[in-house]
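A short write-up of the structure that comes next.
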Amino acid sequence: MELKPVGVNELDLAYQETCRSALNAEQTRSLAETDHWKHVDRGQVHADWDALYKRISPLIGSASPADAAVQALLHEHYQIACRFYTPSKLAYIGMALFYDENPAMKEFHNAYHPQMVAFLGAAMLVYAAQKLSASA
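Its first residue numbered 6, the sequence shown is counted upward by one per residue in my numbering.
And the structure:
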């Protein structure tokens, strides 16, 4: 029997808040240090995320968020996020929570597939647990 990866909403509430706080602190620091991410080619970032989400969408329903192919795509997702700043494990999980809790972000992501936010959140949890450290 295959175990289903945990979704971000299934995390302990205190841990969720720690992740939200880490995301906020790390993004706030980065925004201040980089003149609001002036160094980022936002058009390229959006094009790269668009291409990535189009590659992830067909896997939803046929692959586990923990599958090696999905995790390779999540590595690309993390690398795109790193163009802004390098998120810690906690901040990356906070990003997954943000995708789920922010109506505009949820609508944007779920436009690729109705389950994109849930799938991406579970895959981000796996990636964070396997690849990232708690501090930035």
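We put the CB at the ideal spot given by N, CA and C, even for glycine.
From a predicted model like this one, the values you see are computed outputs, not experimental measurements.
| message | Closest to residue 114 by C-alpha separation, out of 70, 57, 131 and 67, would be which residue? | response | Position 109 of the sequence shown, counting from 1, holds the residue named residue 114. When only C-alpha atoms are compared, the closest one is 57.
| request: From the DSSP output, read off the bridge partner residues of residue 133. | output: The residue given as residue 133 occupies position 128 in the sequence shown. DSSP output for residue 133 lists no bridge partner at all.
| said: If contact is defined by three or more beta carbon pairs under 8 Å, each pair taking one atom from either stretch, is the stretch 121-130 in contact with the stretch 84-95? | reply: no
| Can you name, in chain order, every residue of its own chain whose Cβ lies under 6 Å from the Cβ of residue 45, other than the five neighbours on each side? | Residue numbering aside, residue 45 sits at position 40 when the sequence shown is read from its first letter. If we look at residue 45 and ignore the five residues flanking it on each side, its Cβ neighbours are 88 and 89.
| request: Taking only the alpha-carbon atoms, compute the straight-line gap between residue 105 and residue 111 and give it to the nearest angstrom. | output: Counting from one through the sequence shown, the residue named residue 105 turns up at place 100. Counting from one through the sequence shown, the residue named residue 111 turns up at place 106. One C-alpha to the other measures close to 6 Å.
| query | Just the Cα atoms here: how many angstroms apart are residue 63 and residue 37? | reply | Taking the sequence shown and counting its residues from 1, one reaches residue 63 at position 58. Taking the sequence shown and counting its residues from 1, one reaches residue 37 at position 32. Going by the C-alpha atoms only, they are around 38 Å apart.
| query | Under a Cβ-count criterion, where at least 16 other Cβ atoms within 10 Å of its own Cβ denotes burial, should residue 130 be classed as buried or exposed? | reply | Position 125 of the sequence shown, counted from the first residue, corresponds to residue 130. Residue 130 should be labelled buried.
| task | In the DSSP assignment, find the unbroken alpha helix (DSSP H) run with residue 50 in it and report its ends. | result | By 1-based counting over the sequence shown, the position of residue 50 is 45. First-last of the alpha helix (DSSP H) with residue 50: 47-61.
| Taking the Cβ atom as the reference point for each residue, do residue 99 and residue 28 lie within a distance shorter than 8 Å? | As a first step, residue 99 must be located in the sequence shown, where it is residue number 94. As a first step, residue 28 must be located in the sequence shown, where it is residue number 23. Their beta carbons are under 8 Å apart, which means residue 99 touches residue 28 by this criterion.
| Is it right to say residue 20 is buried, meaning 16 or more other beta carbons lie within 10 angstroms of its own, or is it exposed? | The residue given as residue 20 occupies position 15 in the sequence shown. Residue 20 is exposed by the Cβ-count criterion.
| query | Roughly how many whole angstroms lie between the Cα atoms of residue 121 and residue 34? | reply | By one-based count along the sequence shown, residue 121 stands at place 116. By one-based count along the sequence shown, residue 34 stands at place 29. In a straight line, the C-alpha of residue 121 is about 29 Å away from that of residue 34.
| said: Are the CB atoms of residue 31 and residue 108 within a distance shorter than 8 Å? | reply: Against the sequence shown, residue 108 aligns to sequence position 103. Against the sequence shown, residue 31 aligns to sequence position 26. No, they are not a contact pair.
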